[in-house]
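Q:
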Amino acid sequence: MRLRYLTLIAVAFFSAFPLYYSVVVASRHNSALAEVPPPLIPGGNFFANVARVFDTVPFGLALLNSLIVAGSIAVAVMFLSTLAGFAFAKLKFRGRNVLLVITVATMMVPAQLGIIPLYMLMVKLEWTGTNYALIVPALVNAFGVFFMTQYLTRALPTELLEAGRVDGCTTWGLFWHVVLPAARPAAAVLGMLTFMSAWNDYFWPLVVLNPDNPTVQVALSTLASGYVNDYVLGLAGTAIGTLPLVAVFALFGKQIIGGIMQGAVKG
Amino acid sequence: MSSLPLAVTRRRRRSVRHTLDVRVSPYAYVAPFFLLFCAFGIFPLVYTAWVSLHEWTLLSETQEFIGLDNYSTLLSDEYFWNATFNTLSIGVLSTVPQLALAIWLAHLLNRRLRFQTLFRISLLLPNVTSVVAVVVIFSQLFGRDFGIINWILSWFGAGGIDWAAGTATSHVALSVMIMWRWTGYNALIFLAAMQAVPRELYEAATIDGASNFTQLRRITIPMIRPTIVFVVIVSTIGAMQIIAEPMLFGQSSGSGGGIATGGPDRQFQTLALFVYEQGFANSAFDFGYASAASWLMFVAVVIAAAVNFLIIRRVKGGLV
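Sequence order for the protein chains is A and B.
Under the working numbering, the first residue of the first sequence carries the number 4, and numbering increases by one thereafter.
Under the working numbering, the first residue of the second sequence carries the number -6, and numbering increases by one thereafter.
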């Protein structure tokens, strides 16, 4: 039993240490990196390094872009997934089961392999360099639909919908007045998960955006790829660009983990 | 007298509208997902095959149909085979230990424990860290001269390793990054499956004197095998597409080479990175050639998934 705790504490340490150490380095001066033994507690240089980040790349613009992109995607995914989840969970229609199976199967499609035509499509639409190229393809996804379907099947009493019908509600009325309020807890978790993954997305924004109008992750990679290896600069950027998200996660972790584990259990 | 037919038509019109509402609404509600997936998921994937049959660059006005020429060039391109080897090597190095570790961690967590939530949060912490942050942080940890990992290794007489320079060492470093980011996530997926295994099985096994490890091997793993296969398939598909880690490692480790070569000697260029290099990073912007490589990768992914599917079928047969 004691061994079990010791192992888990060790694992927790290995999970957290790289993040902690990145803050240590980000708060030092580059010369501290050459010290042996390496510094293990934060220094006093953090804000000076952050200021250098803003001088080197358009980080304010990057933060704004990431907020707009991740925020729009999260809201759209919550809304459209709840809508589709409602249909799959509670409405009767021909082909429902087949369509649900197809939805789950699409999660296995390696969509990244279609990146070249996707880029050509964005050129045609004149969306390259704009946030549309990031937002529109991500407005709804299979995971979200499946997640909300599972939740609504379990948590939304069918009697409630029947009562609504008797009162003369249209399907849309049912969705608006009955389903949306009932879906709120799961939709919030889905929203947080979606926001985090959109915020952290790197490859597609790199391909389709210009370096002078980046998202946070693209700006961070620009910082890290300088000719001179300025680790302190890179890690200071990392600290302000990703650690707020990690902190939010630590706060709402219980709900988010519950969400991931529920999404994982398949019928 | 005259108001009666009016009421009837009104009611009939309402019921037509009601029928239409009930019949059509469900399709309208699931339509956004399918439309989006067709436009930005399936269409590009299929169109990749079409592009791969052409001499097609970003800058050219016309595209010439050249049949399978891109494929035959590809099969004799040593960089392509190098990338294939690297992808398989990094894929195996990162996936196999990762999944074993994840199952073991899930097993440890699948008990009454204090601080259960705290442990779970710490496990998932790496997964909410962005891939850019992970590589930047680990490039520093794996630094040749001042990296903390070499410093620790120096206690044991090793150290001074130039991680990014060698084929084997760079593959290990990249696999550590991938493992760090994904082990906890997969552990939670396994844990979710383990919680559905009936407790009585373990109680009976304990009474029979089965050890902890025997219980893991004889009860837990057979009971969650469908989940294991699911995770193996998803991890395989993910491992075939690894791109951000080698790309960023090449830049932030300062090992030299181009943005997408995966080190100066292409020692850690993966297939996805090779595709990116051909399509976007070298001056040719050779979409046709890059698409051919993409399509071969797609075929490889499908084969890998199919092999795993056959395993599922066999496992199902074995369990029933």
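For glycine and all other residues, C-beta sits at the position ideal for the given N, C-alpha and C.
1) What's the call for K271(A), buried or exposed, on a 16-neighbour Cβ count within 10 Å?
2) How would you list, in chain order, the residues of chain A whose beta-carbon sits under 8 Å from the beta-carbon of L116(B)?
3) Alpha carbon to alpha carbon, what distance is there between A222(A) and F73(A)?
4) Leaving out five residues on either side along the sequence, give the residues of the same chain with a beta carbon under 6 Å from the beta carbon of A203(B).
5) Shorter than 9 Å from the beta carbon of P61(A) to some beta carbon of chain B?
6) Taking a Cβ distance cut-off of 7 Å, strictly less, list which residues of the region 266 to 278 of chain B are near chain A, in chain order.
7) Helix, strand or coil: which one does DSSP assign to T162(B)?
8) Within its chain, find whatever has a CB closer than 6 Å to the CB of V129(B); leave out the 5 residues flanking it on each side and keep chain order.
9) Check whether chain B comes within 9 Å of N203(A), counting only Cβ atoms and requiring the distance to be less than that.
10) Within its chain, find whatever has a CB closer than 7 Å to the CB of W130(A); leave out the 5 residues flanking it on each side and keep chain order.
11) Here's a check: name, in chain order, each residue in its chain whose Cβ is nearer than 7 Å to the Cβ of Y178(B), leaving out the five neighbours to either side.
12) Which residues, in order along the region 207 to 237 of chain A, keep a beta-carbon less than 7 Å from a beta-carbon of chain B?
13) Please state the DSSP three-state secondary structure of T220(B).
14) Which of the three DSSP states is assigned to Y23(A) in this structure?
15) How would you list, in chain order, the residues of chain B whose beta-carbon sits under 9 Å from the beta-carbon of V181(A)?
16) Hey, quick one: how far does the alpha helix (DSSP H) through E71(B) stretch, first residue to last?
17) Thinking just about the alpha-carbon of each residue, which of Q260(B), V294(B), F273(B) and G281(B) is nearest to the one in A76(B)?
18) Just tell me which of S18(A), Q153(A) and P184(A) has its CA closest to the CA of I263(A).
19) Could you give the residue range of the alpha helix (DSSP H) that holds A189(A)?
20) At least one CB of chain A closer than 9 Å to the CB of A32(B): is that the case?
21) What residues of chain A sit near W175(B), judged by a beta carbon separation below 8 Å?
22) How close, in whole Å, do the beta carbons of F135(B) and W156(B) come, if the pair is a contact with beta carbons under 8 Å?
23) Using the C-alpha atoms, what's the distance from A32(B) back to V313(B)?
24) Out of W175(B), R137(B) and L61(B), point me to the one whose CA is closest to A93(B)'s CA.
25) Looking at the strands, I want to know which residues DSSP matches up with T50(B).
26) Determine the chain B residues that contact L124(A) at a beta-carbon separation under 9 Å, and present them in chain order.
27) Spell out whether any CB of chain B is found under 9 Å from the CB atom of W130(A).
28) Hey, A265(B) and Q115(A) are a contact pair by Cβ (cut 8 Å); roughly how many whole angstroms apart?
29) Here's the rule I'm using: 16 or more other beta-carbon atoms within 10 Å means buried, otherwise exposed. How should M127(A) be labelled?
30) To the nearest whole angstrom, what separates the beta carbons of G88(A) and V14(A), a pair I think is in contact under 8 Å?
31) Kindly give me the distance between the Cβ atoms of N33(A) and V235(A), rounded to whole angstroms, as I take these residues to be in contact under 8 Å.
32) How would you label W173(B), buried or exposed, when you count the other beta carbons within 10 angstroms and need 16 or more for buried?
33) Let me confirm a value: V124(B) is counted as buried when at least 16 other C-beta atoms fall within 10 Å, else exposed. Which label applies?
34) Residues bridged to F183(B) by DSSP?
35) For R137(B), which residues of its own chain have a beta-carbon under 6 Å away from its beta-carbon, when the five flanking residues on both sides are left out?
A: Considering the structure as presented:
1) Given that chain A is displayed from residue 4 to residue 270, the structure contains no residue 271(A) and the question cannot be resolved.
2) V14, A15 and S18
3) A small fix is needed here, since residue 73(A) is Ala in this sequence, not Phe. Taking the straight line from one Cα to the other gives about 16 Å.
4) none
5) no
6) G272 and F273
7) helix
8) The answer, listed in chain order, is S245.
9) yes
10) A136
11) L117 and N120
12) Contact annotation: in the region 207 to 237 of chain A, residues whose CB is within less than 7 Å of a CB in chain B are V210, Q220, L223, S224, A227, S228, N232, Y234 and G237.
13) The answer is helix: DSSP assigns T220(B) an H, G or I state.
14) helix
15) Those do not exist, as V181(A) stays about 14 Å from chain B at its closest Cβ, beyond 9 Å.
16) Under the DSSP assignment, E71(B) falls in the alpha helix (DSSP H) whose first and last residues are E71 to L102.
17) Selected option, being the one with the closest Cα: Q260(B).
18) Q153(A)
19) Where A189(A) is concerned, the enclosing alpha helix (DSSP H) stretches over L183 to N203.
20) Yes, its Cβ sits closer than 9 Å to a Cβ of chain A.
21) What W175(B) touches in chain A: nothing, since even the nearest Cβ is about 12 Å away.
22) 4 Å
23) The pLDDT assigned to V313(B) is 30, lower than 50, so where the model puts this residue is not dependable; a value taken from the coordinates is nonetheless given after this. Rounded to whole angstroms, V313(B) to A32(B) spans 41 Å at the Cα level.
24) Closest by alpha carbon: W175(B).
25) D279(B)
26) A32, F33, F36, P37 and Y40
27) no
28) 7 Å
29) According to the sequence provided, residue 127(A) is Lys. The question's Met does not apply to it. Around the beta carbon of K127(A), fewer than 16 other beta carbons sit within 10 angstroms, so the residue counts as exposed.
30) With a Cβ gap of about 34 Å, G88(A) and V14(A) do not count as contacting.
31) 5 Å
32) buried
33) buried
34) Looking at the DSSP assignment, F183(B) forms no beta bridge with any residue, so it has no partner.
35) D155
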